[in-house]
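Beneath this line is the structure, given in structure tokens, with notes to follow.
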Amino acid sequence: MKKYAIIVAGGSGSRFGSTLPKQFALLGGEPVLMRTIRAFHAYDPHTDIIVALPTEHISLWNDLCRQHDFRISVTIVEGGASRYESVKNALSAIESSDGIVAVHDGARPLVTERIIADGFDTAERTGTAIPVVAVTDTIRQLDRTGSHTVNRESLVAVQTPQVFNLRLLRDAYSTPPSPIFTDDASVVEYRGNDVTLFKGDVDNIKITHPNDLKIAELIIAERNG
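Counted from 1, the sequence shown has number 215 at position 211 by the numbering used here; the numbering is strictly sequential.
Here it is, written out as structure tokens:
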């Protein structure tokens, strides 16, 4: 079945504390977003990759591609005001009605071939695939009376890529946007679909703060031996 990857790279960099959005920060000598794209291309060069970028950053991306001699072919679409809108715009760029589509954060450049492969394989069997890892921090829930500890054994942290049957995801994104949609799985579940979880990777971190780049550099150095 044909594979697609939607990479959402619409961050403004507000939490990153820089005028340059995190997806363009250098990691191992090249922009984070390029590393993310390379991961999917390395898994399967025939995967169609669609990147959702803010309109004001498209020219910057083109400049960076020339500067770094980046030649992997991708389709660029304009991102929306929210993640939901960006994914919906990217889905509109897929002409086929059948296939499997992965939706991934542009700022998760350390995703491995194993996670990508497991996601596509699981979604091909079940229609959905959501990578998760165990929660290791102690969690407290706030309420009107104060707070209380939550049993972390019943919790998992969700990662990307989240992978879906293309028809199923398109149907889910026909739903009007809502603040409760924090990721693609929440949109799919809202339409009454169950989602299948699979094992993620603690190294599949999202670059959110400057210190995350330092952690990512260490992970890369460890992988390179």
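Backbone N, C-alpha and C define an ideal beta-carbon position, used for all residues, glycine too.
Note that the structure is predicted; figures quoted are calculated from it, not measured.
At the C-beta level, residue 11 and residue 45 stay beyond 8 angstroms of one another.
Counting only runs of at least 3 residues, the region 139 to 192 fully encloses the following beta strand (DSSP E) elements, listed from N- to C-terminal order: 143 to 147, 150 to 154, 160 to 162 and 166 to 169. Distance from the CA of residue 118 to the CA of residue 149, rounded to the nearest whole angstrom, comes to 44 angstroms. Distance from the CA of residue 71 to the CA of residue 220, rounded to the nearest whole angstrom, comes to 22 angstroms.
In the displayed model, residue 52 falls within a strand according to three-state DSSP. A straight line joining the alpha-carbon of residue 8 with that of residue 225 spans about 29 angstroms. According to the DSSP secondary-structure assignment, residue 62 is paired through a beta bridge with no residue. Under the three-state reduction of DSSP, residue 108 is assigned to strand.
Taking the C-beta atoms as reference points, residue 56 is found no nearer than 8 angstroms to residue 85. The shortest C-alpha to C-alpha distance from residue 40 to any of 107, 81 and 83 is the one to 107. Judged by DSSP in its simplified three-state form, residue 85 adopts coil rather than helix or strand. Residue burial is scored here from C-beta neighbours: residue 66 has fewer than 16 other C-beta atoms within 10 angstroms and is therefore classed as exposed. Per DSSP, reduced to three states, the secondary structure at residue 26 is helical.
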